[in-house]
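S.K.: Before I ask anything, let me first share the structure, which is written out below as structure tokens.
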Amino acid sequence: CRLAASDQVDIVHISALLHGEKSLDDYHFLNLPGGFLDGDDLGAAKAGANRILHAKIKGKGEMLYDQFARFIGEGKLILGVCNGFQLLVKLGMLPGFDGDYRNQTVTLTFNDSGRFEDRWVYLTVNRNSPCVFTQNMEGIYLPVRHGEGKFITIDKQIQERLHKGRHVVLQYSHANYKGATMDYPANPNGSVDGIAGICNETGRIFGLMPHPEAYLHYTNHPRWTREKLPEEGMGLAIFKNAIDFIK
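Per the working numbering, residue 481 is the first one in the sequence shown, and the count goes up by one each step.
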């Protein structure tokens, strides 16, 4: 975010929110990063989602989820990357049909390969999506690093609604960025329709499995010593779009 020209960036632990030392009310952009929250116990991000849904903030009598709901209601930005995306879907905040940010309709589960996938992927961007973070982008090349990245829906109706409502933002593709693919390893996990990232109906909540923060500079690219590349990595554009929107 600092590289994207944000005026102030704070790293806030969830314990600081739970103890009332920090509040989401003081911020405009919440970035939920990758990692292995709670060691992926109960499934990736499930324990973390339960904590946010049911924990009360010390000394305030307010549920932590209420702060999240207020943050969304005020039209602020949320980005969930990898484990952060898993957290958003298990909270029910994505896709957030009809403003319902509590009921889960999609999930991210174990890769079809049965193993942890650490590779770079090509992603086609839905230009018709309202997603704030991907404006003026057509294709993007980013790394994935996950064991539970397969995107699936409760049923076919939810799957169709994601497309009709323009919630699908990113899909795994081949190097030409022409349409989604189910071919492994271009689609590293078997996600339905090659879905790699979705947003809510406002485009202000965005979750994706690939890591934009891992490609901010050309030296992050796996072929940077062999190819002439722009100085800024493709992932930086996602953060720049967010900061531009806030400003």
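Just so it is clear, CB atoms sit at the ideal spot from N, CA and C, and this is done for glycine as well.
Because the structure is a prediction, the values reported are computed rather than measured.
Starting from the C-beta of Leu559, find all residues in its chain whose C-beta is less than 6 Å away, skip the five residues before and the five after it, and write them out in chain order.
M.R.: Here residue 559 refers to the residue found at position 79 of the sequence shown. Correct list, in chain order: Asn511 and Phe686.
S.K.: In whole angstroms, what separates the C-alpha of Lys538 from that of Leu498?
M.R.: Residue 538 sits at position 58 when you count from the first residue of the sequence shown. Residue 498 sits at position 18 when you count from the first residue of the sequence shown. One C-alpha to the other measures close to 6 Å.
S.K.: Could you check which residue in Thr585, Gly579, Gly500 and His508 has the C-alpha nearest to that of Lys570?
M.R.: In the sequence shown, the residue the question calls residue 570 occupies position 90. Closest option to Lys570, Cα to Cα, is Thr585.
S.K.: What alpha helix (DSSP H) runs, 4 residues minimum, are completely inside the region 501-567?
M.R.: You should have 526-534 and 544-553.
S.K.: Less than 8 Å between the C-beta atoms of His626 and Cys562, yes or no?
M.R.: Here the question's residue 626 lines up with position 146 in the sequence shown. Here the question's residue 562 lines up with position 82 in the sequence shown. Yes; because the gap between Cβ atoms is below 8 Å, this pair is in contact.
S.K.: Output the distance between the C-alpha atoms of Ser495 and Leu533, rounded to the nearest integer angstrom.
M.R.: Sequence index remark: in the sequence shown, residue 495 carries index 15 (1-based). Sequence index remark: in the sequence shown, residue 533 carries index 53 (1-based). C-alpha separation (whole angstroms): 14 Å.
S.K.: On the CB-based measure, 16 or more other CB atoms within 10 Å of its CB, does Thr705 come out buried or exposed?
M.R.: Taking the sequence shown and counting its residues from 1, the one referred to as residue 705 is at position 225. Per the 10 Å Cβ criterion, exposed.
S.K.: In the DSSP assignment, find the unbroken alpha helix (DSSP H) run with Ile494 in it and report its ends.
M.R.: As a position in the sequence shown, residue 494 is number 14, starting the count at 1. Start and end: Ile494 to Leu498.
S.K.: Can you list, in chain order, the residues of its chain with a C-beta nearer than 8 Å to that of Gln615? Leave out the 5 residues immediately preceding and following it.
M.R.: As a position in the sequence shown, residue 615 is number 135, starting the count at 1. Cβ neighbours of Gln615 beyond the five flanking positions: Asn721.
S.K.: Give the single residue among Gln639, Pro668 and Asp505 whose Cα lies nearest to the Cα of Arg599.
M.R.: What you label residue 599 is simply residue 119 of the sequence shown in a count that begins at 1. Among Gln639, Pro668 and Asp505, the Cα nearest to that of Arg599 belongs to Pro668.
S.K.: Rounded to a whole number of angstroms, what is the C-alpha to C-alpha distance between Asp505 and Phe725?
M.R.: Residue 505 sits at position 25 when you count from the first residue of the sequence shown. Residue 725 sits at position 245 when you count from the first residue of the sequence shown. Those two C-alpha atoms are separated by around 18 Å.
S.K.: Gln615 by DSSP, collapsed to three states: which one?
M.R.: In the sequence shown, counting from the first residue as 1, residue 615 sits at position 135. Here Gln615 sits in coil by DSSP.
S.K.: Among the residues of its own chain, which have a CB less than 8 Å from the CB of Gly645, if the five just before and after it don't count?
M.R.: By one-based count along the sequence shown, residue 645 stands at place 165. Excluding positions up to five away in sequence, the list reads Pro575, Phe577 and Glu681.
S.K.: Taking the alpha-carbon positions, what's the Glu693 to Glu707 distance?
M.R.: For the purposes of this step, residue 693 is taken as the residue at position 213 of the sequence shown. For the purposes of this step, residue 707 is taken as the residue at position 227 of the sequence shown. Spanning the two alpha carbons is a distance of roughly 21 Å.
S.K.: For Thr589, write down the residues that DSSP places opposite it in a beta bridge.
M.R.: Numbered from its first residue, the sequence shown carries residue 589 at position 109. Answer is Lys630, bridged to Thr589.
S.K.: With DSSP collapsed to three states, give me the class of Tyr621.
M.R.: Within the sequence shown, the letter at position 141 stands for residue 621. Tyr621 falls in the strand class under three-state DSSP.
S.K.: Give the C-beta separation of Ala524 and Gln566 to the nearest angstrom, bearing in mind that I take them to be a contact with Cβ-Cβ under 8 Å.
M.R.: Your numbering for residue 524 matches position 44 in the sequence shown. Your numbering for residue 566 matches position 86 in the sequence shown. Correct: roughly 4 Å between the Cβ atoms.
S.K.: Measure the alpha-carbon distance for Ser653 versus Gly572 and round it to whole angstroms.
M.R.: The sequence position of residue 653 within the sequence shown is 173, counting from 1. The sequence position of residue 572 within the sequence shown is 92, counting from 1. Cα to Cα, Ser653 sits roughly 27 Å from Gly572.
S.K.: Mapping DSSP to helix, strand and coil, what is Tyr698?
M.R.: What you label residue 698 is simply residue 218 of the sequence shown in a count that begins at 1. Note: Tyr698 maps to helix in three-state DSSP.
S.K.: May I ask you to verify whether the region 617-631 touches the region 585-594, counting CB pairs closer than 8 Å and requiring at least 3?
M.R.: With a cut-off of 8 Å, the region 585-594 and the region 617-631 count as touching, because enough Cβ pairs lie within range.
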